[in-house]
Amino acid sequence: DTAVSQTPKYLVTQMGNDKSIKCEQNLGHDTMYWYKQDSKKFLKIMFSYNNKELIINETVPNRFSPKSPDKAHLNLHINSLELGDSAVYFCASSPNPRGRVLGGPNTGELFFGEGSRLTVL
Amino acid sequence: AQSVAQPEDQVNVAEGNPLTVKCTYSVSGNPYLFWYVQYPNRGLQFLLKYITGDNLVKGSYGFEAEFNKSQTSFHLKKPSALVSDSALYFCAVKFSGANNLFFGTGTRLTVIP
């Protein structure tokens, strides 16, 4: 069974279009994330949701809008796509609920999806 | 400023030789340190972590890492490299009070047959 699954795996689209990437986790985790990996393989946090509540919102253009209908899903919608949006987007989840004291049995490792490669032409 | 660094973009090692992939960090407070591996066209896979306790941490696929507080390092090691270990390795740190991991820039390991 796939623990963190993302769709689509590949997405090729034209500049100016709007697209969405979906993520689902069946691990029962409370926290989900979106990371962006650029062409140099740098990984950068974009958003994090804990139990449907936005807890991290890094400096990301407001063309990017995450949506969490429930704690098992975190989707990423991108409006007016630009060439610079081309990247691999990774969804991840972790068992750390917000407010739990760090150092307990679940201390932060993330479980990643396989990534969604977005190419904007 | 809090940060994590991987000083080597590329590490080449002959099959059967020991390998080391370096990671240093700068944090206030006690860090939580992680290593992940990324194979081509795949997501990141967790290898091991240091939270507290024994400085030598053992993880998946025969890898281990040593937490060195005085040198603020958390180098990844394996006694005998396999060709199948060739991949991109990321060191990550969870800063005190943060909810997410901050990743280093990655080190590409190539094991030469």
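Order-wise, the sequence lines are chains F and C. Just so it is clear: in the first sequence, position 50 is 50 by our numbering, and no numbers are missing. In our numbering, each number is its position in the second sequence, counted from 1, plus 121. The beta carbon of each residue, even a glycine, is placed where N, CA and C say it ideally should be.
- Within chain C, Asn220, Asn221 have C-beta atoms less than 8 Å from the C-beta of F:Ser48, given in sequence order.
- With a cutoff of 8 Å on beta-carbon distance, C:Arg163 and F:Glu114 are scored as near each other.
- When beta bridges are read from the DSSP output, F:Ile55 appears opposite no residue.
- Rounded to the nearest whole angstrom, the CA to CA distance from C:Ser194 to F:Ser80 is 42 Å.
- Exclusion of the five residues before and after C:Ser124 leaves Ser147 as the residues of its chain whose Cβ lies within less than 6 Å of its Cβ.
- Counted as a single uninterrupted DSSP element, the beta strand (DSSP E) harbouring F:Arg117 occupies residues 116 to 120.
- The three-state secondary structure of C:Ser205, taken from DSSP, is helix.
- Cα atoms of F:Asn50 and F:Ser93: separation of roughly 10 Å, rounded to the nearest angstrom.
- Within chain C, the residues whose beta carbon sits less than 9 Å from that of F:Thr31 are Asn220, Asn221, listed in sequence order.
- In the same chain as C:Gly227, and ignoring 5 residues on each side of it, the C-beta atoms closer than 6 Å to its own belong to Leu209, Phe211, in chain order.
- Around the beta-carbon of F:Thr31, 16 or more other beta-carbon atoms lie within 10 Å, marking it buried.
- Contact annotation for C:Gly164 against chain F: Phe90, Phe112, Gly113, Glu114, Gly115 [CB-CB distance below 7 Å, chain order].
- Restricting attention to beta strand (DSSP E) runs no shorter than 3 residues, the stretch 31 to 83 of chain F encloses them at 31 to 37, 43 to 50, 53 to 57, 64 to 70, 73 to 78, ordered along the chain.
- Secondary-structure assignment with DSSP links C:Cys144 through no beta bridge to anything.
- Annotation: F:Ile55 to F:Tyr10 spans about 28 Å, alpha carbon to alpha carbon.
- Residues of the stretch 175 to 194 of chain C whose Cβ lies closer than 8 Å to any Cβ of chain F: none.
- The C-beta separation of F:Leu27 from F:Phe111 comes to about 6 Å, placing the pair in contact by the 8 Å criterion.
- For C:His196, the pairing in a beta bridge is given by DSSP as C:Glu187.
- Put simply, the backbone Cα of F:Pro66 is about 6 Å away from that of F:Asn75.
- In this structure, the straight-line span from the alpha carbon of C:Val142 to that of F:Ser86 is close to 29 Å.
- Nearest CB-CB separation between C:Thr145 and chain F: not below the 8 Å threshold.
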